[in-house]
Each structure stands twice: as C-alpha cells, then as structure tokens.
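Chains as they are written, first to last, in the working numbering: chain A, 1 to 299; chain B, 300 to 524. Just so it is clear, CB atoms sit at the ideal spot from N, CA and C, and this is done for glycine as well. Note that the coordinates shown come from a computational prediction; the quantities given were computed from them, not determined experimentally. Worksheet: the structure to be examined is printed underneath.
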Amino acid sequence: MSKGTIRSLLMGDKQADRVVPPSGFTAQLTLFVSGAMAFLAVFALALSLASGRLADRWAEELARAATLRINAPRDQRAAQTEAALRILRQTPGVAQARALSAEEQAALLAPWFGPELPLDTLPVPQLIEIVEGEPGYDAAGLRLRLQAEVPGAVLDDHTRWRAPLVDAANSLRRLALISILLIGGATAAMITLAANAALAANAQVIEVLRLVGALDRYIAGAFVRRFTLRALIGAAVGVALGMGGVMLLPDASEAGGFLTGLGFRGLGWLFPLLIPPLGALVAFAATWAAARRVLKELS
Amino acid sequence: MIELDKVGYSYGGGELLSDVSVRLAPGSFHFLTGPSGAGKTTLLKLCYGALQPTSGQVMAFEQDMRSLDRDRTALMRRRIGVVHQDCRFLDHLPVSENVALPLMVSGRDPRSEAENLGELMAWVGLSSRADALPPELSGGERQRAALARAVIMSPDLVLADEPTGNVDWEMSQRLLQLLVELNRMGKTVLIATHDLSLIRAAKAQVQARVLRISDRRLQLAGADL
Numbered sequence: 001m002s003k004g005t006i007r008s009l010l011m012g013d014k015q016a017d018r019v020v021p022p023s024g025f026t027a028q029l030t031l032f033v034s035g036a037m038a039f040l041a042v043f044a045l046a047l048s049l050a051s052g053r054l055a056d057r058w059a060e061e062l063a064r065a066a067t068l069r070i071n072a073p074r075d076q077r078a079a080q081t082e083a084a085l086r087i088l089r090q091t092p093g094v095a096q097a098r099a100l101s102a103e104e105q106a107a108l109l110a111p112w113f114g115p116e117l118p119l120d121t122l123p124v125p126q127l128i129e130i131v132e133g134e135p136g137y138d139a140a141g142l143r144l145r146l147q148a149e150v151p152g153a154v155l156d157d158h159t160r161w162r163a164p165l166v167d168a169a170n171s172l173r174r175l176a177l178i179s180i181l182l183i184g185g186a187t188a189a190m191i192t193l194a195a196n197a198a199l200a201a202n203a204q205v206i207e208v209l210r211l212v213g214a215l216d217r218y219i220a221g222a223f224v225r226r227f228t229l230r231a232l233i234g235a236a237v238g239v240a241l242g243m244g245g246v247m248l249l250p251d252a253s254e255a256g257g258f259l260t261g262l263g264f265r266g267l268g269w270l271f272p273l274l275i276p277p278l279g280a281l282v283a284f285a286a287t288w289a290a291a292r293r294v295l296k297e298l299s
Numbered sequence: 300m301i302e303l304d305k306v307g308y309s310y311g312g313g314e315l316l317s318d319v320s321v322r323l324a325p326g327s328f329h330f331l332t333g334p335s336g337a338g339k340t341t342l343l344k345l346c347y348g349a350l351q352p353t354s355g356q357v358m359a360f361e362q363d364m365r366s367l368d369r370d371r372t373a374l375m376r377r378r379i380g381v382v383h384q385d386c387r388f389l390d391h392l393p394v395s396e397n398v399a400l401p402l403m404v405s406g407r408d409p410r411s412e413a414e415n416l417g418e419l420m421a422w423v424g425l426s427s428r429a430d431a432l433p434p435e436l437s438g439g440e441r442q443r444a445a446l447a448r449a450v451i452m453s454p455d456l457v458l459a460d461e462p463t464g465n466v467d468w469e470m471s472q473r474l475l476q477l478l479v480e481l482n483r484m485g486k487t488v489l490i491a492t493h494d495l496s497l498i499r500a501a502k503a504q505v506q507a508r509v510l511r512i513s514d515r516r517l518q519l520a521g522a523d524l
C-alpha cells in the first residue's frame, strides 16, 4: 500500500462518504465494541505496568536486603545483638547493618496485633536489617561465624520467598500483556466482521461504483474512513472512561500493601493515550483488507 | 475503438461465444441482436472489461484489455458509457446525484458542472424528477437516467444493453432518439436489443450496422431487416 493510497483512503471526502448509505445500528455497535475494548485495554495496561513495577521493586529491594533474627533470652538479647552487629560490620560485602528499634518492630507487627502492642511483655526477637553491598557477602560463611559467636542468630536472606513473589508478579505482567494482544486481536476480528457485514449490505453500491469507473481505493476509502473514525471515537471514549476508573482506584499506600498502586505513574499515564490511535490503525487495516477481498471478486 | 479478435467465451460448462471478430470504428452505430441467451450481454461485458475472454483478444483504445490492471480498467471505463439492462443506482441518493456519480468518483466537482448536469437532465426529460430517489422512478425514467449517467463523462463509446427492454414503444422511440443524437455528436454506439422494430426505426435515421449472434458466432446481418 503506497503512501498516496493511504492518504487518499483517509483524506476526508464528503462526496465519497455520501456514496455509502448511512448505517445506524451497526455504526453504534462498532462504536460500542471499540469503546469496550479500549476500556478493557486500559485496565490490562494498568495491570501490566503495575505488576512490572512490583516485580522490579521486589527483585531490587529484596535482593539487596536480608534480616538477622536474634532469638535470645531477654537478658542476653542486647549483648548478642551487639555481638552480631560487630560481626556484620566486619563482614566484607555488608554495606549496612542496623538493629530495628522497638517502635519499628511494633510497626511491623501492628497489622497483625493492632497498635499499642506491649512489645516488652512479649518474647519478640530482635531484628537486624542488613543491606548488602556490591559484591555481596558470603552467606554460608556468615552463618557459620554467627553460629559460633551468637548462638541465637538466624540469618534470613529472603531468597526463599523472594523468587516466587517476583515470579508471580512477572506472570501477572505476562498475562496482562497477552490480554492486551487478545484485546487487539478481538477488536480486529470484530471490526472485520462489521466491515464485512457493511460491505455485503452495500454490494450493489460497490458494484455500481465499480461500473461507473471508481478506483478501488475510492470505494474502499469510503468504508475505511467510516470504520477508522468509529474505532477512533469509540476507543477515545473507552480510554477516557477507563482512565477515569483507574484514577478512582485508591492510591498506593503502606497499609494497603501491593494491591494498591495498580494505577499509572508519571509518564505511564501517556500509555493509554496510545490506545485510540492503535485501535484506529487496527480498524483501518481490518477494513482495508476486508474491502480489498470484496473488491477482488468484482471485475 | 473496440476491437475483438477471434474472441471466445465459455462459462463453466459450454461455449457461449467462439471466434468472434469485430471492430467498432469511431463514430459508428451498431446494433447487436440475437435470441435471448445468445450472449448479447456477455459480448457487451467483454467490451467494457467486466468479463475477460477465454480465448482471443479484446483491444480497447489500442490497449489489450487483459493487460490492464484494476485501476487502469476503472480509468478505461470512464471513457465508455454503459447503460445496463437492469439499471442499478445508489438508491439513497437522488437521481441528479446518481447521474453525476461518474463525475464524483473521478474526482471532478459535480457543482462546477452543474450547468452541464442541468442540460443533460433536460435532454433526457428528467429535470422535474432530479430530486426523486431511484426507487421512485418508472421503468422508462430509470432507463433515461441510466443513459444520462452513461454519457455525463462525455465518453467516446456508449454501450446499451436492451435500453428499451421494459418501456413502451413511445418511450423506446425517445431513447433511440437520444442515442441517435449521441451518435451524430460523434460517439460510437453499440445497442444490444432483440427488438427488430427498434432496429428498423433506427435505420431510417442513421447508418446502422446490425450484428447478429447466431450459433455462437457473430455475423453481419443483411439489409433485409
């Protein structure tokens, strides 16, 4: 398809648009379908971007962090914590080691036990947050040394639950991307069906036009313009509604955990704006292909 | 103008036309006659490229019809005005716009040719019906509208397939009159008809040659018609 053909297919031509009779009901169906598909695409896109962010964040933060738990009787806890911190500071590859304060520990437990937890009366272990340097430390070596000097220390480097979480976020992103592709394909299929129906309903118009010397691109253009415009308008409305819906989702917050923050962030808000032009492009290609198929059968 | 050289045409099963050779010279007036189903419409379709011959060669304006791509076929059709047996229109547009359709599809602005269009509508006697929709027209009005649409591009050749097929004698005389006038303006005319009295009437006014399809072949009919 040459540039000239595309231009003449899309160029507004009031005369040419009149040769195809107006169609009320199918036009509204096309609008509705492209609108609904665009609406769904916005959510799939939001899900894919958010799960991508989540996977990256988990992989990044958890990979660089580990926790040391000190289970010791109350009277030995401070001494063992001190010893563990000393060992950690001496360990190559540990960038930072810090004992969590009682308030921080209480905050971590708050979602389960509620606020105002009398932490002093409970046998809660002391937590030490370890931030890994570059290159990382030798976990096996560190474990052996801790075992010898701080018997109550347990090193948790998070790998056990980091991998499945990152996997889950990544599969969520994959599913969202597949959904977007399916939505695009379904839109193309439905526009093709609608275009085929319109072409079949207007078989006589097409035949007359061809016999009076109309070029294929003139005839196809009348249909292509119509469906492209409908898909564009429908998708624009769908995207506007979808973005409104995403905007109404609760903001990301510490309390809500990973289920919040499903919306778009920053430049991410520009992605859904690509949906209407892409939908129009899909409609353009689908209608052009359908029209060419029909025209090929006419001499 | 149009030249058929040893043209044959077969539908799936049998052969309809074979070894048809004819040359339509510029400015000539031809009738094409023969019994129903003899292949009159097929022969006309071969002339404007709606069908491709199964053997032989059709030349239109010095170009082999087979060598034309779809766009060039469309451009060639703008030089040939066709009045179809079942005159089909765009039923949602008024008659005047249907008549101007060839101008529209060839990218010319019908408004700038409004005067020509008005004259043409008057010539075929449809001025008062310009705003009617095609389904509201009578058989004769449809035929005249089809003729007007066929000639609005000022084609070099006018092909008419049974233009008087479903109109009364008076109306068929009027249509014939219009075609004869076109021929006097220098257009080449080919009319397919089985109406022998129409041919006789024409012969009084114009130097017409009669081609007859008989037994799959095309013959030049004698002067006894």
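**Asked** Under 8 Å between the Cβ atoms of L316 (chain B) and Y310 (chain B)?
**Response** For this step, residue 316 (chain B) is matched to residue 17 along the second sequence. For this step, residue 310 (chain B) is matched to residue 11 along the second sequence. No; because the gap between Cβ atoms is not below 8 Å, this pair is not in contact.
**Prompt:** Apart from the five residues just before and just after A300 (chain A), which ones in its own chain have a Cβ nearer than 7 Å to its Cβ?
**Reply:** With chain A represented from 1 up to 299, any question about residue 300 (chain A) goes unanswered, as that position is not in the structure.
**Request:** Determine, using beta carbons only, whether R511 (chain B) and T332 (chain B) come nearer to each other than 8 Å.
**Result:** Along the second sequence, read from residue 1 onward, the residue named residue 511 (chain B) stands at position 212. Along the second sequence, read from residue 1 onward, the residue named residue 332 (chain B) stands at position 33. Yes; because the gap between Cβ atoms is below 8 Å, this pair is in contact.
**For L49 (chain A), the nearest candidate out of A:E116, A:D17, A:V131, A:L270 (CA to CA)** = Counting from one through the first sequence, the residue named residue 49 (chain A) turns up at place 49. Nearest of A:E116, A:D17, A:V131, A:L270 to L49 (chain A), Cα basis: A:L270.
**Request:** Enumerate in chain order the residues of its own chain whose CB-to-CB distance from M375 (chain B) is below 7 Å, with the five nearest sequence positions on each side excluded.
**Result:** Walking along the second sequence from the start, residue 375 (chain B) turns up at place 76. Excluding sequence neighbours, M375 (chain B) sits near G348, A359, F360, L367.
**Message:** Considering Cα atoms alone, identify which of B:A324, B:T487, B:G326, B:V381 is closest to L345 (chain B).
**Reply:** One-based indexing of the second sequence puts residue 345 (chain B) at position 46. Answer by Cα proximity: B:V381.
**Prompt:** Along the chain, which unbroken stretches of the beta strand (DSSP E) at least 3 residues long are found entirely within the stretch 317-354 of chain B?
**Reply:** 328-332
**Request:** With distances taken Cα to Cα, identify the nearest neighbour of M484 (chain B) among B:E396, B:M403, B:Q362, B:S327.
**Result:** Here residue 484 (chain B) is taken as the residue at index 185 of the second sequence, counted from 1. The candidate whose alpha carbon is nearest that of M484 (chain B) is B:S327.
**Request:** Would you check if the stretch 116-125 of chain A and the stretch 165-172 of chain A touch, i.e. whether three or more CB-CB distances between them fall below 8 Å?
**Result:** no
**Message:** According to DSSP, M358 (chain B) sits in a beta bridge with which residue or residues?
**Reply:** For this step, residue 358 (chain B) is matched to residue 59 along the second sequence. Per DSSP, B:E302, B:D363.
**Request:** Under 9 Å between beta-carbons, which chain A residues line up against L374 (chain B)? List them in chain order, please.
**Result:** Here residue 374 (chain B) corresponds to residue number 75 of the second sequence, with the count starting at 1. Under the 9 Å cutoff, chain A gives G213, L215.
**Request:** Rounded to whole angstroms, what's the CA-CA distance from I451 (chain B) to L402 (chain B)? Just pull it up for me.
**Result:** Within the second sequence, numbered from 1, the residue matching residue 451 (chain B) stands at position 152. Within the second sequence, numbered from 1, the residue matching residue 402 (chain B) stands at position 103. Taking the straight line joining both Cα atoms gives about 8 Å.
**Request:** Closer than 7 Å by beta-carbon distance: list the chain A residues that pair up with D455 (chain B), in chain order.
**Result:** Indexing the second sequence from 1 puts residue 455 (chain B) at position 156. Under the 7 Å cutoff, chain A gives no residues; its nearest Cβ is about 13 Å from D455 (chain B).
**Asked** Between B:P409, B:R378, B:P434, B:I490, which lies nearest to G464 (chain B) when the distance is taken from Cα to Cα?
**Response** Mapped onto the second sequence, residue 464 (chain B) falls at position 165. Checked all of B:P409, B:R378, B:P434, B:I490; the closest Cα to G464 (chain B) is B:I490.
**Helix, strand or coil at T492 (chain B) according to DSSP, with G and I counted as helix** = Counting from 1 along the second sequence, the entry for residue 492 (chain B) is found at position 193. Looking at T492 (chain B) - three-state DSSP - the assignment turns out to be coil, as it is neither helix nor strand.
**Message:** Using 8 Å for Cβ pairs, my map puts A106 (chain A) next to L119 (chain A). What's the rounded Cβ distance?
**Reply:** For the purposes of this step, residue 106 (chain A) is taken as residue 106 along the first sequence, with counting starting at 1. For the purposes of this step, residue 119 (chain A) is taken as residue 119 along the first sequence, with counting starting at 1. The Cβ separation is near 5 Å, so the contact holds.
**Item:** Rounded straight-line distance, which links the Cα of L193 (chain A) to that of L475 (chain B)
**Value:** For this step, residue 475 (chain B) is matched to residue 176 along the second sequence. For this step, residue 193 (chain A) is matched to residue 193 along the first sequence. Between L475 (chain B) and L193 (chain A), the C-alpha separation is close to 46 Å.
**Item:** Length of the line joining the Cα atoms of R293 (chain A) and A286 (chain A)
**Value:** Counting from 1 along the first sequence, the entry for residue 293 (chain A) is found at position 293. Counting from 1 along the first sequence, the entry for residue 286 (chain A) is found at position 286. If I take the Cα positions, the gap works out to 11 Å.
**Asked** Could you give the distance in angstroms between the alpha-carbon of Q204 (chain A) and the alpha-carbon of G238 (chain A)?
**Response** Counting from one through the first sequence, the residue named residue 204 (chain A) turns up at place 204. Counting from one through the first sequence, the residue named residue 238 (chain A) turns up at place 238. Q204 (chain A) and G238 (chain A): Cα-Cα distance of roughly 34 Å.
**Request:** Go ahead and label P338 (chain B) buried or exposed: buried means 16 or more other beta carbons lie within 10 angstroms of its beta carbon, across all protein chains shown.
**Result:** Position 39 of the second sequence, counted from the first residue, corresponds to residue 338 (chain B). Checking the sequence shown, residue 338 (chain B) turns out to be Gly, not Pro. Buried, because 16 or more other Cβ atoms sit within 10 Å of the Cβ of G338 (chain B).
**Message:** Using a 10 Å radius around the Cβ and a threshold of 16 neighbouring Cβ atoms, would you call T341 (chain B) buried or exposed?
**Reply:** Numbered from its first residue, the second sequence carries residue 341 (chain B) at position 42. So T341 (chain B) counts as buried.
**Closer than 9 Å at the beta carbon, the chain A residues around P401 (chain B)** = Against the second sequence, residue 401 (chain B) aligns to sequence position 102. Result: V212, G213, A214.
**Asked** Do you know whose CA, among B:E396, B:R322, B:M470, lies nearest S437 (chain B)'s CA?
**Response** Stepping through the second sequence from its first residue, residue 437 (chain B) is reached at position 138. Taking only the C-alpha atoms, the option nearest S437 (chain B) is B:M470.
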